[in-house]
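Numbering (the working numbering), first residue to last: 79 to 143.
Note that beta-carbon positions come from the ideal geometry of N, C-alpha and C, so glycine has one too.
The structure presented is a predicted model; accordingly, all values stated were derived computationally and were not measured.
All remarks here apply to the structure that follows.
Right, here's the structure in full:
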């Protein structure tokens with residue numbers, strides 16, 4: 079069986095990737111006011127790069143429609 083590997087980003091890396099402030103992203107996640115795909119493990123937010131790309135593509139499509 080082939081193992082799928084995920085590229086995980088930290089909160090800072092994801093904020094940089096999304097071009098937003100780390101504190102703003104943290105607040106959105108903690109208050110539940112976002113649908114940005116993320117998981118919280120051991121008290122730290124982690125982001126799958128592939129999921130972030132899919133999220134951005136869907137948002138772009140929705141914006142252009």
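(request) Return helix, strand or coil for residue 132, following the three-state DSSP convention. (result) Translated into the one-based positions of the chain shown, residue 132 becomes position 54. Here residue 132 sits in helix by DSSP.
(request) For residue 99, I'd like the list of residues in its chain whose CB is within less than 8 Å of its CB, leaving aside the five on either flank, ordered along the chain. (result) In the chain shown, residue 99 corresponds to position 21, counting from 1. Taken in chain order, the residues that qualify are 93.
(request) For the alpha helix (DSSP H) holding residue 100, just list the boundary residues, first then last. (result) If you number the chain shown from 1, residue 100 lands on position 22. Residue 100 -> alpha helix (DSSP H) spans 100–109.
(request) Flag this pair as yes or no: are the beta carbons of residue 119 and residue 87 separated by less than 8 Å? (result) The residue labelled residue 119 in the question sits at position 41 within the chain shown. The residue labelled residue 87 in the question sits at position 9 within the chain shown. 8 Å or more divides the Cβ of residue 119 from the Cβ of residue 87.
(message) Classify residue 103: buried if its beta carbon has 16 or more other beta carbons within 10 angstroms, exposed otherwise.
(response) The residue given as residue 103 occupies position 25 in the chain shown. When all chains shown are included, residue 103 counts as buried.
(request) Compare the Cα-Cα distances from residue 85 to each of 109, 131, 114 and report the closest residue. (result) Within the chain shown, residue 85 is the residue found at index 7, counting from 1. For the set 109, 131, 114, the Cα lying nearest the Cα of residue 85 is the one of 131.
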